[in-house]
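Reading through the structure tokens given below for one structure.
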């Protein structure tokens, strides 16, 4: 079912596809690097498997591959960026770099983005800040799949929060989490295998617990982190909500049930209050608080203490957020990236369509 | 079991107690207002029921009621504040006001605090920013009760995150959530009633599921939001961890298992890497991103959409974070604050001890 591909080969091919969509060479490289970072880190749902989805967004004229991005409002530490309907894969690095520049000047930088599209995995963007000895913070809203606690309506996306924190000798802390109990990608895996979902991931159209992974098609919803009120779903709901407000309302993008969907065949919501989807980026200089070497010394102590915590029976070790993805990246850079047959076929189709060299 | 007290009477009494602990009149008023805000909002575990705990911290010389707070490092948008071992109830408003001043100057302000003590409820501090047309963000670490996913060790506090967001005509969004599945206060209620805890709140000393609310005394731990790996406990763990790092590591306070406990009879950890407990405060000017009236218009639309969402069967309405606490505050300002007999007795004891007029 799976075949392995070299990262470099997939990168060249993905870049060629973005170039064929009229991206500049610079933007195509940015977008390919971002998209493939998901495959490297094992987040297969957000990698080249989605390349065709971006192509279709562009074909449907919902994504602009030659955006004129514009800072529409700013203070020394804050800004709103209009992404001009650009690919999120290109808009996000631009916004993060703007946040980093502001942090260099005044200690921290915060950029809300409107009029963008899906930006791949948040961790890739947040880690740009870590390279500059800064904490990186990234959020985005997305089309609604999650029901607030006590509701039967889908009003929030899986709205991730990512925080990446630099360190000294220990590998860094990189938390990148959907604010729903289960990400949609995990549901898609169960759908393909026709397996049941655990209780606590999904509700049906009336708000009852469901284990049917196809329930969303029948009007059901994903549940916020916490699953039910007794286990704190009101907290997951609150977290998803604040991601929506920071990304959508602070920026002037769409929010709640009005966020436009990624699949180009799904209709755009009516009476949209803003522009495109919204993101939020933050960069904090660690030496805005303490000398960098003191922070790194303490951060290393923190990381070592948690990585060496006593595991429960049946578990080999205790992980720090980002450890599994970093370990996967090392493996896949060496061993290659496995693609399902259907995904590989789809890349061949794109090669034929754009008359570019297929990936081998 | 319960008797009702007027807010004004409890406030006068609480202020007198703090004055008796050598607080200045100004600090005693700040502390009383903060502590009683918890009772008003229905967070009884963090209100006057804890007054005696603060007295004991002071008696044990673990809290300094005449602190010389000092900004030890800063940039235009960031600072570290040393609380000089002051009461968190007094240090926190000072730190939040510093964040607000920085936001007025450069769009946002971020203050990490070391060498502090427990600060009551985070929402009270975050809402100071809302009064200034800013988003308020507040975090704090606390002594370790929560085990990371896959571990049997208690390494994190219930580490809350609070975000308060201004609005126009609709009441504001105020999310204030412990990053554990259940707050310790809820466990204490079950302990008093000798009732079982729901599965998913606690594990025993070996990492097995437990429903015994006394399990923490036997080496057990609270579980991160999500309860278990299948339901996303690694996300709750990541959130609690980042609160710990922002509050403890960025500031130079203690972190992880080294955060000192609130009860004065519990020993201080050995080899503490920092000073006191840590907090983190943020203030973001909404007009650092958009015109305030545009933001408020969209925020009102967001709030109205969620408050009017279709409820599931058995639920009257869908809530926005902060709604229950705001409604409780209206009731209790009018009807008074109910105190358990044991709490009222304890206040009488303090009145006798400090020779001040008892609360009636």
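Chains as they are written, first to last, in our numbering: chain A, 2 to 361; chain B, 2 to 361.
Just so you know, even glycine gets a beta-carbon here, dropped at the ideal spot from N, CA and C.
Note that the structure is a prediction, hence the values are computed from the model and not measured.
Given that residue 197 of chain B touches chain E, what residues does it touch there, using C-beta distances under 9 Å? Looking at the structure shown, chain E is missing, and the protein chains on hand are A and B.
Is it a yes or a no for the region 107-123 of chain B touching the region 150-158 of chain B, going by three-plus beta-carbon pairs under 8 Å? no
To the nearest whole angstrom, what separates the beta carbons of residue 144 of chain A and residue 261 of chain A, a pair I think is in contact under 8 Å? To locate residue 144 of chain A, count along the first chain from 1; it is residue 143. To locate residue 261 of chain A, count along the first chain from 1; it is residue 260. So it is a contact: roughly 6 Å between Cβ atoms.
Beta-carbon within less than 7 Å of residue 364 of chain B's beta-carbon, same chain only, minus the 5 sequence neighbours each way: which residues are those? The structure shown does not extend to residue 364 of chain B, since chain B spans only 2 to 361, so no value can be given for it.
State yes or no: is the C-beta of residue 201 of chain B within less than 8 Å of the C-beta of residue 248 of chain B? Here the question's residue 201 of chain B lines up with position 200 in the second chain. Here the question's residue 248 of chain B lines up with position 247 in the second chain. Cβ atoms of residue 201 of chain B and residue 248 of chain B: not closer than 8 Å.
If we define contact as Cβ-Cβ less than 8 Å, is residue 164 of chain A a contact residue for chain B? The residue you call residue 164 of chain A lines up with position 163 of the first chain. Interface residue, yes.
DSSP state of residue 204 of chain B mapped onto helix, strand, coil: One-based indexing of the second chain puts residue 204 of chain B at position 203. Of the three classes helix, strand and coil, the one that applies to residue 204 of chain B here is strand, per DSSP.
Using a Cβ-Cβ cutoff of 8 Å, what residues of the region 259-274 of chain A are near chain B? List them in chain order. 274
Going by the beta-carbon positions, is the gap between residue 286 of chain B and residue 135 of chain B smaller than 8 Å? Position 285 of the second chain, counted from the first residue, corresponds to residue 286 of chain B. Position 134 of the second chain, counted from the first residue, corresponds to residue 135 of chain B. A contact, by the Cβ cut-off of 8 Å.
Output the residue ranges of the alpha helix (DSSP H) runs that lie fully inside the region 152-237 of chain A and measure 4 residues or longer, sorted by chain position. Listed in chain order, the alpha helix (DSSP H) elements of length 4 or more contained wholly in the region 152-237 of chain A are 185-194.
Separation of residue 113 of chain A from residue 10 of chain B, as counted between CA atoms: For the purposes of this step, residue 10 of chain B is taken as residue 9 along the second chain, with counting starting at 1. For the purposes of this step, residue 113 of chain A is taken as residue 112 along the first chain, with counting starting at 1. When rounded, the distance between both Cα atoms is 45 Å.
Whose C-beta lies closer than 6 Å to the C-beta of residue 133 of chain A among residues of the same chain, with five residues either side of it excluded? One-based indexing of the first chain puts residue 133 of chain A at position 132. Result list for residue 133 of chain A: 101, in chain order.
For the beta strand (DSSP E) containing residue 111 of chain B, list its first residue and its last residue. Start at 1 with the first residue of the second chain, and residue 111 of chain B comes out as number 110. 109-117 is the span of the beta strand (DSSP E), which, as asked, contains residue 111 of chain B.
Measure how close the beta-carbons of residue 283 of chain B and residue 115 of chain B come, nearest whole angstrom, since I'm counting them as under 8 Å. Taking the second chain and counting its residues from 1, the one referred to as residue 283 of chain B is at position 282. Taking the second chain and counting its residues from 1, the one referred to as residue 115 of chain B is at position 114. With a Cβ gap of about 16 Å, residue 283 of chain B and residue 115 of chain B do not count as contacting.
If you measure from the beta carbon of residue 320 of chain A to each beta carbon in chain B, is any gap under 8 Å? By one-based count along the first chain, residue 320 of chain A stands at place 319. Yes, contact with chain B.
Please report the straight-line C-alpha distance between residue 272 of chain A and residue 256 of chain A, rounded to a whole angstrom. Reading the first chain from its first residue, position 271 is the one you call residue 272 of chain A. Reading the first chain from its first residue, position 255 is the one you call residue 256 of chain A. Taken atom to atom, the span from the alpha-carbon of residue 272 of chain A to that of residue 256 of chain A is near 12 Å.
Using a Cβ-Cβ cut-off of less than 8 Å, give me the residues of the region 219-245 of chain A that come near chain B, in sequence order. 226, 227, 228, 231, 232, 233, 235, 236, 237, 238, 239, 240, 242, 243 and 245
Using a Cβ-Cβ cutoff of 8 Å, what residues of the region 112-134 of chain A are near chain B? List them in chain order. 113
Please list the residues of the region 165-182 of chain B that have a C-beta atom closer than 9 Å to any C-beta atom in chain A, keeping them in chain order. 166, 174, 176, 177, 178, 179, 180, 181 and 182
Which residues in chain B sit within 7 Å of residue 154 of chain A, going by Cβ to Cβ distance? Within the first chain, residue 154 of chain A is the residue found at index 153, counting from 1. Near residue 154 of chain A (Cβ distances below 7 Å), the residues of chain B are 310 and 311.
Enumerate in chain order the residues of its own chain whose CB-to-CB distance from residue 104 of chain A is below 6 Å, with the five nearest sequence positions on each side excluded. The sequence position of residue 104 of chain A within the first chain is 103, counting from 1. So the list reads 110, 135, 284 and 286, once near-sequence residues are dropped.
Select from A:341, A:168 and A:55 the residue whose C-alpha is nearest the C-alpha of residue 265 of chain A. Against the first chain, residue 265 of chain A aligns to sequence position 264. Taking only the C-alpha atoms, the option nearest residue 265 of chain A is A:55.
What residues in its chain sit with their C-beta under 7 Å from that of residue 192 of chain B, if we drop five residues either side in the sequence? The residue you call residue 192 of chain B lines up with position 191 of the second chain. Here the set comprises 214 and 215.
Strictly below 9 Å CB to CB, what residues from chain B border residue 149 of chain A? Working through the first chain from its first residue, we reach residue 149 of chain A at position 148. What residue 149 of chain A touches in chain B: 307, 310, 319, 320 and 321.
Note down the Cα distance separating residue 299 of chain B from residue 71 of chain A, rounded to an integer number of angstroms. For the purposes of this step, residue 299 of chain B is identified with residue 298 of the second chain, where counting begins at 1. For the purposes of this step, residue 71 of chain A is identified with residue 70 of the first chain, where counting begins at 1. Straight-line Cα distance between these residues: approximately 21 Å.
Out of B:312, B:251 and B:338, which one is the CA nearest neighbour of residue 168 of chain A? Counted from its first residue, the first chain places residue 168 of chain A at position 167. Nearest of B:312, B:251 and B:338 to residue 168 of chain A, Cα basis: B:251.
Compare the C-beta of residue 314 of chain B against all C-beta atoms of chain A and say whether one is closer than 8 Å. Working through the second chain from its first residue, we reach residue 314 of chain B at position 313. Answer yes: the Cβ-Cβ gap between residue 314 of chain B and chain A drops below 8 Å somewhere.
Please decide whether residue 140 of chain A counts as near chain B, where near means a Cβ-Cβ distance under 8 Å. Residue 140 of chain A sits at position 139 when you count from the first residue of the first chain. So, not an interface residue.
Compare the Cα-Cα distances from residue 98 of chain A to each of A:80, A:346, A:87 and A:315 and report the closest residue. Residue numbering aside, residue 98 of chain A sits at position 97 when the first chain is read from its first letter. Residue A:80 is the option with its Cα nearest to residue 98 of chain A.
Residue 337 of chain B: contacting residues in chain A (beta-carbon distance under 9 Å): Translated into positions along the second chain, residue 337 of chain B becomes position 336. Under the 9 Å cutoff, chain A gives no residues; its nearest Cβ is about 27 Å from residue 337 of chain B.
Pull up the distance between the alpha-carbon of residue 35 of chain A and that of residue 158 of chain B, whole angstroms please. In the first chain, the residue the question calls residue 35 of chain A occupies position 34. In the second chain, the residue the question calls residue 158 of chain B occupies position 157. Computed Cα separation, rounded: 35 Å.
Determine the direct distance from the alpha carbon of residue 186 of chain A to that of residue 232 of chain B, and round the result to whole angstroms. Looking up residue 232 of chain B in the second chain gives position 231. Looking up residue 186 of chain A in the first chain gives position 185. Between residue 232 of chain B and residue 186 of chain A, the C-alpha separation is close to 15 Å.
So if DSSP puts residue 66 of chain A in a beta bridge, which residue, or which two residues, is it bridged to? Here residue 66 of chain A corresponds to residue number 65 of the first chain, with the count starting at 1. Paired residues: none, contrary to the question.
Nearest by alpha-carbon distance to residue 205 of chain B: which of B:223, B:194, B:190 and B:196 is it? Translated into the one-based positions of the second chain, residue 205 of chain B becomes position 204. Out of B:223, B:194, B:190 and B:196, B:223 has the C-alpha closest to the C-alpha of residue 205 of chain B.
Check each candidate in A:166, A:337, A:351 and A:78 and name the one with the smallest Cα separation from residue 3 of chain A. By 1-based counting over the first chain, the position of residue 3 of chain A is 2. Of A:166, A:337, A:351 and A:78, the residue nearest in Cα terms is A:337.
With DSSP as the reference, please indicate the residues paired to residue 135 of chain A in a beta bridge. Looking up residue 135 of chain A in the first chain gives position 134. A:286.
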